[in-house]
Each structure stands twice: as C-alpha cells, then as structure tokens.
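Counting with my numbering, you get residues 5 to 423 for the letters of the sequence shown.
Here a beta-carbon is modelled for each residue, glycine too, at the ideal position from N, C-alpha and C.
Predicted model, so just to flag it, every value in this text is computed and none were measured.
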Amino acid sequence: MILEQIDKDLLELSKQSDIVLKDIYENIDDICLYNSNRILSYFIENKVSYSDFTDINGYGNYDEGRDKLERIFASVLGCEDALVRPQIMSGTNALYLTLSALCKHGDTMISISGAPYDSLQEMIGIIGSSSQSLKANGVKYEQIELVNDDFDDDAIINRLKEKNVKLVEIQRSRGYSHRLSLSMDKISRIIKKIREVNQEVIIMVDNCYGELVEKIEPGHVGADVVVGSLMKNLGGGIASTGGYVAGNADLIHMVAERLTSPGIGKDLGANFNLNNSFFKGIFMAPSAVRSSLKTAVFSAYMLEQLGYKNVSPRYNEPRTDIIQTLELETKENLVNFTQGIQNTSPIDSFVRVMPAPMPGYPFDEVMAAGSFTQGSTIELSADAPVVEPYTLYMQGGLTLEYGKLSILLALTNMKRKLD
5 MILEQIDKDL LELSKQSDIV LKDIYENIDD ICLYNSNRIL SYFIENKVSY SDFTDINGYG
65 NYDEGRDKLE RIFASVLGCE DALVRPQIMS GTNALYLTLS ALCKHGDTMI SISGAPYDSL
125 QEMIGIIGSS SQSLKANGVK YEQIELVNDD FDDDAIINRL KEKNVKLVEI QRSRGYSHRL
185 SLSMDKISRI IKKIREVNQE VIIMVDNCYG ELVEKIEPGH VGADVVVGSL MKNLGGGIAS
245 TGGYVAGNAD LIHMVAERLT SPGIGKDLGA NFNLNNSFFK GIFMAPSAVR SSLKTAVFSA
305 YMLEQLGYKN VSPRYNEPRT DIIQTLELET KENLVNFTQG IQNTSPIDSF VRVMPAPMPG
365 YPFDEVMAAG SFTQGSTIEL SADAPVVEPY TLYMQGGLTL EYGKLSILLA LTNMKRKLD
C-alpha cells in the first residue's frame, strides 16, 4: 500500500499542511462554486437532453447536441461562438488551426508575452524548417518580451499604434519558462490599453491550463479569440480528446472553414459518440480544476517546508493556471521525484521514468504521465527538460487525495536517495 511506503516525517508534515492551507483551500472552493453555478446555469438554459448524446457519424449533419455544447463553451469563456470538436486533437493543433485561419501571407502577428512554449516555436517557424509553419507561408512574426513578469505596456502600445499588425497573441501560461503565468487582471489591463489605440487588431489568448482557475475568462475582458485543449481543464479529466476555439462569431466562422472547408464551416463534423464525455467533462471541470489547484498548493507547501526555495508559484501566492514549478537542484532529484509520480499513477505505474528525447523539444525530457487519457494534463502529470536548474513542471490532479499520495511518495523517493 502506498501510505506504508511514505516517510513518516513527511506524513506528519502533510497533516499539518491541512491546517496551514485551510484558508487557501476555502478560496479555491469559492471559485469552484462560482464557476459551477455558471456552468450548471448554462446547461439548464440550453435545455441539454439525453438525446443530445446521440452518436452521429459520417458528415455529422444536424447534430443538435454539438450545437448546444458549443453554445455552452462560448458562454463559459465569455464569447459569442465556439468550435468544440474531436477533430482538434490538442492545444497545439487548436492554436495552429486558429493562427493559420486568421493570418495570411503578408500579415504580421506579435506575441506580447515573449517567446511561446517549445512545441509552438516550430509551428510558428521560430525554429525548424517545416514548409507548413506560419513563417514559411508568409506570416511575419514579432515578439515583445515581458518585463518583471508583466506586459511591456509602452512597447506594445507604441507598436500597435502603427496599425499594421493583424493579430496579437497572449500566452496565459508560463510554458517551459521561469516567468509567472499572466493573471486575468494583467490580461484585462493590456487588452483595454490595446483597444484605446487599435480597434482592428485581433487579440488571441492561448488559454491552455488557465480555464476556470479564476472567476472570469479572456472573452469576458475583450479577447477576440480564446483557444485551448479538452485534455486540459475544460475536459474535466473525462474528455478523451478534442480542443476548442471560442470568440467573435465572424472569426469562429473563419476557423471553422479552415477546419472543414469553405462553404461548410461549422455545419459538418461527426462527434464520434463523444458528445456525452464532452458535456460531462465541462460539467466536472470546475471540480477537476479545484483538485488540481489544491494539489499544486500542497506540493509547493511541502517543497518549501523541506527547504527548496525556487518554487513557483509559492504556496500562498495567487494562481491563474494549474501549473506548478519545482526547482529540484540536481538531475538525481529530478529523476527520482518524477519516478515517484509515475509509480503512483493509476496507469503504467510499473514504467521506469528515464531521461529521453521527445519530439518537438530540444533537450532530453523526463515525464510522468500515467493517465487514463494519453497526454491529459488535468490528470496529475509532471515533466521537465533535463537541464539546469532542473525545474519540474507539474500540473493536474483529479482529486487532492490522489495528488497527496503521489507527491508524498515522490518526496519519499527523493529523500531516501539522498540519505
């Protein structure tokens, strides 16, 4: 049994954490209740019926369930319309679909949150030589770096005053960088400032890992397009594939035509009997996000109490996504901790994690991902490039109890190798 393998001192520290973290957990519960109220209300408003789960194959004509689902997603994200499809296989796929639909040859896009995370750089054409990258197809790319984990307002406003930029991209999550993720307050502020000088530019937010962590979403504060994956927050640990694009109706029409074809747009697209899991996923999403956040808070607290100083966010800092970074100082710590997460995974617990190459990433990686859905990061997973300062990126946790067991065994694993 797992509890019997955990170091006794760590178990005692874990019990103390429930007292220290009580108020933080209660605040997370409050956000979960708020977002649950919104989502349940949208289900009722849209008259979701058991018949909406019908398996539609072939062309996917006249799928009323799919249409209701997309209306619910649009409402949750503060947008006019949404595209929620199993044909969108990942967050990266959703982002490429959106950018390639909205940016054409000669257009300029700007990332105003610095460099995007590794898997997007080849898609844009910053690295690699793909003939299908945005840059290879004539899209010009620029980026403006963050300053002290916040937007460089003056640089952004001065650039957008020129009014020759088609699209501004904001990455809410930190990705594989050491910056903080961007809160909705910061995103709201910069969108308002952009609109004061440029009404035409499309503002797109990569919302991956951030959905339902706060009480508002990017669409509520003026983002034109919001993009994400169903194998993260809004899939609730239930959706087995899929992604979404939400935003202004005319832009969603363009993205839909890129996904299907001109003249077809949103009208076709079989659900492959996934409507039920997509509805159930977003219904359970507030609870799954709550568990993920509590698992992250618990992890940060435990590492801080054990003397690890570079933990971000710190246990008592505000959060805007589910990602937790843990700087573990040595390669041995990194590998041992990740092995502990894998050993307590419900799936593939017997797999031994070792550093290895991974497509799309420039360094060897370690990854613990024993999830029911391959690649699901709302389920507890952890991965890291095996380079100094050996920072682990952890996210997810479908329940706090499962999360605690995994973290405690990972810490035990690391401690025993050090003794």
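Reduced DSSP secondary structure (H/G/I, E/B, other) of residue 207: Here residue 207 corresponds to residue number 203 of the sequence shown, with the count starting at 1. Strand, per DSSP.
DSSP bridge partner residues for residue 145 (one or two, in chain order): On the sequence shown, residue 145 is found 141 positions in, with the first residue counted as 1. Paired residues: 113.
Span of the alpha helix (DSSP H), counted from its first residue to its last, around residue 260: Counting from 1 along the sequence shown, the entry for residue 260 is found at position 256. Taken as a continuous stretch (DSSP letters only), the alpha helix (DSSP H) holding residue 260 covers 253 to 263.
In DSSP terms, what residue 425 is bridged to: Because the chain spans 5 through 423 in this model, residue 425 falls outside it and cannot be assessed.
Whole-Å CB distance - residue 11 paired with residue 419, under 8 Å assumed: Taking the first residue of the sequence shown as 1, we reach residue 11 at position 7. Taking the first residue of the sequence shown as 1, we reach residue 419 at position 415. The Cβ separation is near 6 Å, so the contact holds.
Assumed close pair residue 246, residue 255 - CB separation to whole angstroms, cut-off 8 Å: Here residue 246 corresponds to residue number 242 of the sequence shown, with the count starting at 1. Here residue 255 corresponds to residue number 251 of the sequence shown, with the count starting at 1. That pair is no contact at about 19 Å.
8 Å Cβ cutoff met for residue 279 and residue 69: Sequence index remark: in the sequence shown, residue 279 carries index 275 (1-based). Sequence index remark: in the sequence shown, residue 69 carries index 65 (1-based). In contact: residue 279 and residue 69 (Cβ atoms closer than 8 Å).
Same chain, Cβ closer than 7 Å to residue 52, neighbours up to 5 away in sequence not counted: For this step, residue 52 is matched to residue 48 along the sequence shown. Shown here for residue 52: same chain residues with a beta carbon closer than 7 Å to its own, the five before and five after excluded, namely 72 and 283 in chain order.
Bridge-paired residues (DSSP) for residue 396: If you number the sequence shown from 1, residue 396 lands on position 392. Note: residue 396 sits in a beta bridge opposite 330.
Range of the contiguous alpha helix (DSSP H) that encloses residue 290: Against the sequence shown, residue 290 aligns to sequence position 286. Here the alpha helix (DSSP H) through residue 290 covers 279 to 309.
Contact check, residue 86 vs residue 78, beta carbons under 8 Å: Along the sequence shown, read from residue 1 onward, the residue named residue 86 stands at position 82. Along the sequence shown, read from residue 1 onward, the residue named residue 78 stands at position 74. In contact: residue 86 and residue 78 (Cβ atoms closer than 8 Å).
Which of helix, strand or coil DSSP assigns to residue 217: Here residue 217 is taken as the residue at index 213 of the sequence shown, counted from 1. In the structure shown, residue 217 adopts coil according to DSSP, grouped into three states.
Integer-rounded CB distance, given that residue 251 should sit under 8 Å from residue 228: Start at 1 with the first residue of the sequence shown, and residue 228 comes out as number 224. Start at 1 with the first residue of the sequence shown, and residue 251 comes out as number 247. Contact flag correct, Cβ pair sits at about 5 Å.
Local Cβ density within 10 Å of residue 343, reported as buried at 16 or more and exposed below that: What you label residue 343 is simply residue 339 of the sequence shown in a count that begins at 1. Counting the other Cβ atoms within 10 Å of the Cβ of residue 343 gives 16 or more, which makes it buried.
Beta-carbon gap between residue 384 and residue 327 smaller than 8 Å: Within the sequence shown, residue 384 is the residue found at index 380, counting from 1. Within the sequence shown, residue 327 is the residue found at index 323, counting from 1. In this structure, residue 327 does not lie closer than 8 Å to residue 384 by Cβ.
Rounded straight-line distance, which links the Cα of residue 119 to that of residue 125: By one-based count along the sequence shown, residue 125 stands at place 121. By one-based count along the sequence shown, residue 119 stands at place 115. For the pair residue 125 and residue 119, the Cα-to-Cα distance works out to about 8 Å.
The segment 344 to 364 touching the segment 319 to 326, judged by at least three CB pairs closer than 8 Å: Too few Cβ pairs lie closer than 8 Å, so no.
Euclidean distance between Cα positions of residue 314 and residue 302: Start at 1 with the first residue of the sequence shown, and residue 314 comes out as number 310. Start at 1 with the first residue of the sequence shown, and residue 302 comes out as number 298. Distance between the alpha carbons of residue 314 and residue 302: 15 Å.
Own chain partners of residue 331 with C-beta closer than 6 Å, once the 5 adjacent residues on each side are dropped: Here the question's residue 331 lines up with position 327 in the sequence shown. Cβ within range, chain order: 314, 393 and 395.
Cβ-heavy atom distance, residue 273 to the ligand FMN, below 7 Å: By its list of ligands, the structure shown contains no ligand whatsoever, and the ligand FMN lies outside what it can speak to.
Residues that residue 249 bridges to, as DSSP identifies them: Position 245 of the sequence shown, counted from the start, is the residue given in the question as residue 249. Paired residues: 87 and 231.
Residue 121 classed as buried or exposed, judged by whether at least 16 other C-beta atoms fall within 10 angstroms: By 1-based counting over the sequence shown, the position of residue 121 is 117. Residue 121 sits buried, since 16 or more C-beta atoms from the chains shown fall within 10 Å of its C-beta.
Beta-bridge partners of residue 68, as assigned by DSSP: In the sequence shown, the residue the question calls residue 68 occupies position 64. Per DSSP, none; premise fails for residue 68.
Three-way DSSP call (helix, strand, coil) for residue 418 in this model: Reading the sequence shown from its first residue, position 414 is the one you call residue 418. Correct three-state label for residue 418: helix.
Neighbour-count burial assignment, residue 189, 16 or more Cβ in a 10 Å radius: On the sequence shown, residue 189 is found 185 positions in, with the first residue counted as 1. Taking all protein chains in view, the Cβ of residue 189 is surrounded by fewer than 16 other Cβ atoms within 10 Å, so the residue is classified as exposed.
Simplified DSSP state of residue 119, which is helix, strand or coil: Start at 1 with the first residue of the sequence shown, and residue 119 comes out as number 115. In the structure shown, residue 119 sits in coil (DSSP, three-state: anything other than H, G, I, E or B).
Status (buried if at least 16 other CB within 10 Å, exposed otherwise) for residue 23: Position 19 of the sequence shown, counted from the start, is the residue given in the question as residue 23. So residue 23 counts as exposed.
Spatially closest choice to residue 272 from 18, 66, 41 and 38, by CA coordinates: Locating residue 272 in the sequence shown gives position 268, where the first residue counts as 1. For the residues 18, 66, 41 and 38, the minimum Cα distance to residue 272 belongs to 66.
Alpha-carbon to alpha-carbon, residue 380 and residue 363: Translated into positions along the sequence shown, residue 363 becomes position 359. Translated into positions along the sequence shown, residue 380 becomes position 376. A direct Cα-Cα distance of roughly 17 Å separates residue 363 from residue 380.
Top-ranked residue by Cα proximity to residue 375, from 90, 165 and 410: As a working mapping, residue 375 is identified with position 371 in the sequence shown. The residue with the shortest Cα to Cα distance from residue 375 is 410.
Rounded Cβ spacing between residue 425 and residue 241 (contact assumed at less than 8 Å): In the structure displayed, the chain extends from 5 to 423; residue 425 sits before or after that span and is not available.
Integer-rounded CB distance, given that residue 263 should sit under 8 Å from residue 136: Taking the first residue of the sequence shown as 1, we reach residue 136 at position 132. Taking the first residue of the sequence shown as 1, we reach residue 263 at position 259. So it is not a contact: roughly 15 Å between Cβ atoms.
Pair within 8 Å by beta-carbon distance, residue 1 and residue 7: Here the chain covers residues 5 to 423 and nothing more, so residue 1 does not appear.
Own chain residues within Cβ distance below 6 Å of residue 144, not counting five before or after: Looking up residue 144 in the sequence shown gives position 140. 112, listed in sequence order.
Sequence-distant residues of its chain with Cβ nearer than 7 Å to residue 347 (five each side left out): The count along the sequence shown starts at 1 and reaches residue 347 at position 343. Sequence-distant partners of residue 347 (beyond 5 residues in either direction) whose C-beta falls short of 7 Å from its own C-beta, in its chain, are 353 and 413.
C-beta atoms of residue 148 and residue 116 nearer than 8 Å: Start at 1 with the first residue of the sequence shown, and residue 148 comes out as number 144. Start at 1 with the first residue of the sequence shown, and residue 116 comes out as number 112. In this structure, residue 148 sits near residue 116, with a CB-CB distance shorter than 8 Å.
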